[in-house]
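Structure representation (structure tokens):
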């Protein structure tokens with residue numbers, strides 16, 4: 021099934037709300053501040069007047085946002101949004117009441133209602149009716165329906181990661197979130213090379229020096245050289261754990277990949293493509309833009325030639341590093 025079909029077939033309202041809230045926060049920083057009222061700690065939906073609400077921090081004049089999600093059938097959307105029955109007030113009318121309650125204290129306020137649905141709209145006229153009624157109520161409406169959600173999920177790198185997480189469709193584009201996930205996936209591969217439980221290892225000065233002395237240049241290399249049993253692998257493994265847990269990017273690169281690579285970017289690509297075979301080949305050229313500001317991509321290579329462990333750093337400021345500093 022394509023993305024629109026997967027969205028339309030979502031029957032778990034809680035799951036849809038989590039996905040929708042994540043998308044809204046990605047596409048609009050004002051929506052990132054929304055307080056979620058429609059879900060409990062178990063991600064179950066809660067009955068209430070609104071699924072989300074906030075006053076956007078730092079905005080003058082004051083800006084208020086309401087969010088209403090629904091998975092109701094498209095044939096019932098008009099009633100869900102526009103019903104004026106006092107016993108079952110539509111979402112737009114409920115927002116209008118809230119606006120009137122705030123107008124006395126915020127006469128110049130800006131009021132936004134996000135109407136969110138996993139369905140396609142039954143007609144253009146429904147959207148037109150919503151906009152007209154919203155204008156009468158003093159509310160600016162932002163409709164997020166099936167096609168807008170699908171477009172973001174299919175064409176944006178962060179959207180593809182959310183699509184993978186919530187809809188089970190593999191990502192083809194590299195995002196910061198996917199790079200972090202692949203880092204942990206490579207770490208697990210690295211762990212499987214060890215013969216003891218890493219949590220039982222005794223910390224050594226070597227590990228502390230690696231963690232406390234990160235690479236300072238946009239590209240650098242460190243070699244750990246020592247006899248077998250000196251703790252090189254343990255030190256490198258713990259370094260990568262701490263690097264990832266601090267929110268930075270890192271991957272374990274198998275030694276055979278290094279031996280078969282013509283460049284560092286080739287080694288990174290071979291590693292990432294094995295971890296995520298659906299990645300498009302051109303995505304490797306975007307990796308420096310994916311690395312978070314102020315972070316570095318650490319590459320850990322263990323036991324190459326059975327004699328040493330090296331760590332390579334790529335900073336987002338270096339788009340095309342040519343080789344290690346000597």
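Numbering (my numbering), first residue to last: 21 to 346. The C-beta atom is built at its ideal place from N, Cα and C for all residues, glycine as well.
One or two residues paired with residue i in a DSSP bridge
i           : result
residue 74  : 85
residue 156 : None, per the DSSP bridge assignment.
residue 264 : In DSSP, residue 264 forms no bridge with anything.
residue 90  : 137
residue 59  : 65
Span of the beta strand (DSSP E) around residue i
i           : result
residue 203 : No beta strand (DSSP E) contains residue 203, which is instead part of the alpha helix (DSSP H) from 196 to 211.
residue 135 : 130 to 137
residue 161 : 160 to 164
residue 403 : One cannot answer for residue 403 here, as it falls past the ends of the chain, which runs 21 to 346.
Within 8 Å, strictly: CB atoms of residue i and residue j
i           : j           : result
residue 306 : residue 194 : yes
residue 178 : residue 197 : yes
residue 102 : residue 95  : no
residue 84  : residue 26  : no
residue 119 : residue 135 : no
residue 289 : residue 271 : no
residue 202 : residue 292 : yes
residue 268 : residue 316 : yes
residue 56  : residue 72  : yes
residue 260 : residue 318 : yes
residue 1   : residue 176 : Here the chain has residues from 21 to 346 only, and residue 1 is not among them.
residue 167 : residue 24  : yes
residue 298 : residue 125 : no
residue 148 : residue 133 : no
Continuous alpha helix (DSSP H) stretch holding residue i: start and end
i           : result
residue 179 : 177 to 187
residue 284 : 284 to 295
residue 33  : 33 to 47
residue 28  : 23 to 28
residue 98  : 97 to 102
residue 251 : Element bounds for residue 251: n/a, residue is neither H nor E.
residue 307 : 307 to 310
Whole-angstrom C-beta distance between residue j and residue i, which should lie under 8 Å
i           : j           : result
residue 129 : residue 81  : 6 Å
residue 76  : residue 42  : Not quite, the Cβ-Cβ distance comes to about 18 Å (not below 8 Å), so this is no contact.
residue 146 : residue 97  : 6 Å
residue 300 : residue 192 : 5 Å
residue 172 : residue 47  : 6 Å
residue 255 : residue 244 : 6 Å
| said: Under 8 Å, with one C-beta from each stretch per pair, do the region 34 to 46 and the region 82 to 92 reach the 3-pair mark? | reply: yes
| query | Do the region 201 to 212 and the region 49 to 69 touch if we need at least three Cβ pairs shorter than 8 Å? | reply | no
| request: Taking 8 Å as the threshold, find out whether the region 265 to 277 comes into contact with the region 308 to 325 through three or more Cβ pairs. | output: yes
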